[in-house]
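For reference, the structure is listed below as structure tokens.
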Amino acid sequence: MGGSDAAPAARDDAQVVVVVGSPVDGSPLPSAPPLVASAPASTPTEEAEAEAKRELSAPAPPGALAVEGKQVEAAAAAQAMAVTVVRDIEAGPEASTSGFADDKPSWFTPKRLLVMFCIINMLNYVDRGVIASNGVNGSRGSCSGGTCSSGSGIQGDFSLTNFQDGVLSSAFMVGLLVASPIFASLAKIHNPFRLIGVGLLVWTIATAGCGCSFDFWSITICRMLVGVGEASFISLAAPFIDDNAPAAQKTAWLAMFYMCIPTGIALGYVYGGLVGGHLHWRAAFWGESILMLPFVILGFVIKPLELKGFTHNNKTKEYGPMLSPELQDETSNNGIKQGMPAVVEGLAKKLPEKSSLSSFGTKVMIEIHHFGKDMKELLQERVYVVNVAGYIFYNFVIGAYSYWGPKAGQDIYHMASADLMFGGITIVCGIFGTLAGGFILDKINSTISNAFKLLSGATFLGAIFCFGAFCFKSLYGFIPFFSVGELLVFATQAPVNYICLHSVKPSLRPLSMAMSTVSIHILGDVPSSPLVGLIQDKLHNWRITALLLTSVFIGAFGFWFWERAWCSCH
1 MGGSDAAPAA
11 RDDAQVVVVV
21 GSPVDGSPLP
31 SAPPLVASAP
41 ASTPTEEAEA
51 EAKRELSAPA
61 PPGALAVEGK
71 QVEAAAAAQA
81 MAVTVVRDIE
91 AGPEASTSGF
101 ADDKPSWFTP
111 KRLLVMFCII
121 NMLNYVDRGV
131 IASNGVNGSR
141 GSCSGGTCSS
151 GSGIQGDFSL
161 TNFQDGVLSS
171 AFMVGLLVAS
181 PIFASLAKIH
191 NPFRLIGVGL
201 LVWTIATAGC
211 GCSFDFWSIT
221 ICRMLVGVGE
231 ASFISLAAPF
241 IDDNAPAAQK
251 TAWLAMFYMC
261 IPTGIALGYV
271 YGGLVGGHLH
281 WRAAFWGESI
291 LMLPFVILGF
301 VIKPLELKGF
311 THNNKTKEYG
321 PMLSPELQDE
331 TSNNGIKQGM
341 PAVVEGLAKK
351 LPEKSSLSSF
361 GTKVMIEIHH
371 FGKDMKELLQ
381 ERVYVVNVAG
391 YIFYNFVIGA
401 YSYWGPKAGQ
411 DIYHMASADL
421 MFGGITIVCG
431 IFGTLAGGFI
441 LDKINSTISN
451 AFKLLSGATF
461 LGAIFCFGAF
471 CFKSLYGFIP
481 FFSVGELLVF
491 ATQAPVNYIC
501 LHSVKPSLRP
511 LSMAMSTVSI
521 HILGDVPSSP
531 LVGLIQDKLH
541 NWRITALLLT
551 SVFIGAFGFW
561 FWERAWCSCH
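For what it's worth, the UniProt record's numbering labels the leading residue of the sequence shown as 1, then goes sequentially.
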């Protein structure tokens, strides 16, 4: 299923046959004379033959020559388009790849695409680290001994409870969940690369809006729009990378891409703590917006790439030139104007009319119908469904770790700078863990069965180390155990997404990534942050809260180990 597989080459001697088909209602067309002149069945009369010779020998006017020249050029263009269409049909949908197309941008190389997508992914997750950092998120106002403090950051400025603070961290997920399936469906009719550009534009505007918010609801709405902007990139970036990665390094390239998740969150902790502490929490959001702007411009300016399994050729839009009624009416294969059969001409006039009368509601219903068919096909992929089920439990824990980690560490171990400490641990373990997971899977042979073995083993050991870390009362015991635990759990990032991409056919990859994203968020880290905040409000003990949260890892291990056993038996 890899994107590096060469598309089947079309034969140079392949015959091109253009057939004017039946009307839309399926009724057969009346017999009509062929468009290409052939030898007549009966011998013409002497007079008709002499008349034809005189017409052929007569010099054509200059205007007629020009018209005939244009007709010849049009016929040649039509024939070339027909060859392209026929070859595309013979090669199948997998013939279109993004990495090795002849019309790729001159600057394009697969490694440059990977670097660009990694930076964008990192900025997306820097934003998540920023809003969780103590420098930006801040703390509520408190009163003790008759002295009251106004608090700091977003919590202090907007007087948020822990539950509201948890809701704020998950608000962007609402936009992400709604928009991800929409962008995945739009990828079939619009170029996916341009859709990424649109999403990044929305993201840039929304993050700038977060810095201009004035209360809880205004910043919540902006966070939702951040999710809308991120949705297109999350759904479409991984398939682009999978298409362009070398066959022997596909998981490693995915590991480099997903390495940016922990790296971005960690940098967000540090960036948010520094900017929020020295300038203002609003400046941190404005800085993100400025950093993303160059990639927004690139998304709209450079020549768009194509995804494997999709074709978006403007020349063939609305039946393409070869089947264009106007061109068929004007030219034949030898450039001489031919008359179209009356019935075909009538049909050609009706097709645009019918298209122009189709309402927006009808188009929406058609897209919903196609989406439903794709979803049904996706949910029938057992391997994909079980993989995502385990991913939900995994993300439940990781999402709450990323948001509440600095506050829990500060409360339990009285860290002088919890943002920097958690940021440092996460960035080092995230980089090495994610890369190790990808390279190990490539080394032992990238198969779905081996991926499940790696997932279940790394998750089980990682859960033990993370649980043990929070049992230590000393910071010096916590740091090494928690570091090893994060190193192991981050090793799952590349294998779990490898399965999402390779357990479905190429044309379903954007939808599979979109629905994976929707599932792990709507059932994972969207509820986890508010629930952990609610538990902490009841228990007022971060150590017990952290231990309860870590125990959820057993759900991820259970699903992945079960599927590993099933794959081994089959």
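C-beta: ideal position from N, C-alpha, C; glycine also.
In this text the structure is predicted, and so the values were computed from the model without any measurement.
Residue environment, residue i, which counts as buried when at least 16 other CB atoms sit within 10 Å
{"i": "residue 427", "result": "buried"}
{"i": "residue 155", "result": "buried"}
{"i": "residue 342", "result": "Reliability of the predicted coordinates at residue 342 is poor, the pLDDT of 45 falling under 50, and the value obtained from them is presented with this limitation in mind. Exposed, since its Cβ has fewer than 16 Cβ neighbours within 10 Å."}
{"i": "residue 380", "result": "exposed"}
{"i": "residue 195", "result": "buried"}
{"i": "residue 374", "result": "buried"}
{"i": "residue 212", "result": "exposed"}
{"i": "residue 102", "result": "Legend: pLDDT at residue 102 = 45, less than 50; position of this residue unreliable, value from coordinates given subsequently. The residue is exposed, with fewer than 16 neighbouring Cβ atoms inside 10 Å."}
{"i": "residue 524", "result": "buried"}
{"i": "residue 115", "result": "exposed"}
{"i": "residue 398", "result": "buried"}
{"i": "residue 191", "result": "buried"}
{"i": "residue 471", "result": "exposed"}
{"i": "residue 361", "result": "exposed"}
{"i": "residue 404", "result": "buried"}
{"i": "residue 159", "result": "exposed"}
{"i": "residue 474", "result": "exposed"}
{"i": "residue 256", "result": "buried"}
{"i": "residue 279", "result": "exposed"}
{"i": "residue 365", "result": "exposed"}
{"i": "residue 413", "result": "buried"}
Assigned secondary structure, residue i (DSSP; H/G/I helix, E/B strand, else coil)
{"i": "residue 503", "result": "coil"}
{"i": "residue 160", "result": "coil"}
{"i": "residue 443", "result": "helix"}
{"i": "residue 302", "result": "coil"}
{"i": "residue 459", "result": "helix"}
{"i": "residue 450", "result": "helix"}
{"i": "residue 488", "result": "helix"}
{"i": "residue 214", "result": "coil"}
{"i": "residue 521", "result": "helix"}
{"i": "residue 552", "result": "coil"}
{"i": "residue 434", "result": "helix"}
{"i": "residue 295", "result": "helix"}
{"i": "residue 415", "result": "coil"}
{"i": "residue 189", "result": "coil"}
{"i": "residue 558", "result": "helix"}
{"i": "residue 494", "result": "helix"}
{"i": "residue 233", "result": "helix"}
{"i": "residue 245", "result": "coil"}
{"i": "residue 220", "result": "helix"}
{"i": "residue 259", "result": "coil"}
{"i": "residue 395", "result": "helix"}
{"i": "residue 472", "result": "coil"}
{"i": "residue 536", "result": "helix"}
Contact under 8 Å by Cβ, residue i with residue j
{"i": "residue 388", "j": "residue 519", "result": "yes"}
{"i": "residue 272", "j": "residue 136", "result": "yes"}
{"i": "residue 415", "j": "residue 424", "result": "no"}
{"i": "residue 560", "j": "residue 459", "result": "yes"}
{"i": "residue 300", "j": "residue 120", "result": "no"}
{"i": "residue 535", "j": "residue 548", "result": "yes"}
{"i": "residue 277", "j": "residue 128", "result": "no"}
{"i": "residue 583", "j": "residue 264", "result": "Nothing can be reported for residue 583: it is not among the residues displayed for the chain, which extend from 1 to 570."}
{"i": "residue 199", "j": "residue 231", "result": "yes"}
{"i": "residue 456", "j": "residue 557", "result": "yes"}
{"i": "residue 440", "j": "residue 259", "result": "no"}
{"i": "residue 400", "j": "residue 529", "result": "yes"}
{"i": "residue 564", "j": "residue 452", "result": "yes"}
{"i": "residue 182", "j": "residue 513", "result": "no"}
{"i": "residue 165", "j": "residue 533", "result": "yes"}
{"i": "residue 266", "j": "residue 130", "result": "no"}
{"i": "residue 643", "j": "residue 274", "result": "Since the displayed the chain opens at 1 and closes at 570, residue 643 lies outside it and no answer follows."}
{"i": "residue 491", "j": "residue 482", "result": "no"}
{"i": "residue 306", "j": "residue 508", "result": "no"}
Segment contact flag, the segment 494–513 with the segment 238–253, C-beta cutoff 8 Å, min 3 pairs | yes
Using 8 Å as the Cβ pair cut-off and three pairs as the minimum, do the segment 164–179 and the segment 508–524 touch?
-> yes
Check whether the segment 211–222 touches the segment 162–174, counting contact only when three or more Cβ pairs, one atom from each stretch, lie closer than 8 Å.
-> yes
Validate contact between the segment 463–474 and the segment 542–553 using beta carbons, cut 8 Å, 3 pairs | A contact between stretches requires three or more CB pairs, one per stretch, nearer than 8 Å, and the segment 463–474 meets this requirement with the segment 542–553.
If you pair each beta-carbon of the segment 230–247 with each one of the segment 501–514, do three or more pairs fall below 8 Å?
-> yes
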